[in-house]
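Q: Residue numbers (our numbering): 968 to 1176. Glycine residues also receive a C-beta, built at the ideal position from the N, C-alpha and C atoms. Mind having a look at this structure? Questions to follow.
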Ligand SMILES: C[S@@+](CC[C@H](N)C(=O)[O-])C[C@H]1O[C@@H](n2cnc3c(N)ncnc32)[C@H](O)[C@@H]1O
């Protein structure tokens, strides 16, 4: 049984999470189609060049699990966990998992994260943080499950300043400028190590516990 996705959030947020779950469930079977692959997987490859070798990785909102697959191809000793709100995304991720002895996938929400304190040395979140209704709460959880010195790799579109709210997908999305990301990280005990432009407006921010 899936862990309750909305645990730790209020009623309205829980409704929005339910709507997002259904939206991504419907998309899952087609997610690795040509256009999505072109953008997302290109960014995954660009991101790889900024990653320090991870031992124990967690991918938040992992979708069909392609990023973890890529990381596991690159680092033979790495173990990884992918977590996603959408059960259908997790079905696709398990079907496409070429590293079953090292990678596992779990249907769950990001708040709270169902892991012990300090379990991971690397956390990834590509094109998913923008969907989270409570960014402060999620960053608190990210900080909690990271080891001291562990890194959070956060990649998605980023406006130049402030926050941008767009009415895309149920519940909308929120995008954060580099300064906003750094400030939100700081409040959760994460220092900003670097920002890297991956592709067009897609920015990778590296936050360190
Ligand atoms: C655009 S997809 C990105 C998937 C993948 N990270 C990638 O780079 O291709 C966004 C994913 O975030 C997941 N997601 C959205 N809100 C979530 C939440 N609160 N908890 C966990 N996953 C969530 C969705 O189910 C979806 O699979």
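1. Can you give the Cα-Cα distance for residue 973 and residue 1101, rounded to whole angstroms?
2. Could you tell me the boundaries of the beta strand (DSSP E) in which residue 938 lies?
3. At which residues does the beta strand (DSSP E) containing residue 1142 begin and terminate?
4. Whole angstroms are fine: how far does the CA of residue 1115 sit from the CA of residue 1156?
5. For ligand 1, any of its heavy atoms closer than 7 Å to the Cβ of residue 1094?
6. Please list the segments of the beta strand (DSSP E) lying wholly inside the segment 1036 to 1112, counting only runs of 3 or more residues, in order along the chain.
7. Decide if residue 1170 is buried, meaning its Cβ has at least 16 other Cβ atoms within 10 Å, or exposed.
8. Consider the C-beta atom of residue 1051 and the heavy atoms of ligand 1; say whether any pair is separated by less than 7 Å.
9. What span of residues does the beta strand (DSSP E) with residue 1015 cover, start to end?
10. Just to confirm the assignment, what range does the alpha helix (DSSP H) spanning residue 992 have?
11. Considering only the alpha carbon of each residue, which of 1019, 996, 1097, 999 lies closest to residue 1160?
A: Quick answer:
1. In this predicted model, residue 973 has a pLDDT of only 41, less than 50, meaning its place in the structure is not dependable enough to derive any value.
2. Outside the modelled stretch of the chain, which goes from 968 to 1176, sits residue 938, for which no answer is possible.
3. 1140 to 1143
4. Residue 1156 and residue 1115 have their C-alpha atoms spaced approximately 10 Å apart.
5. Taking 7 Å as the cut-off, one finds at least one heavy atom of ligand 1 near enough to the beta carbon of residue 1094.
6. Listed in chain order, the beta strand (DSSP E) runs fully inside the segment 1036 to 1112 are 1046 to 1051, 1070 to 1074, 1087 to 1093, counting runs of at least 3 residues.
7. buried
8. yes
9. It is not in any beta strand (DSSP E) - residue 1015 instead sits in the alpha helix (DSSP H) that spans 1009 to 1015.
10. 978 to 994
11. 1019
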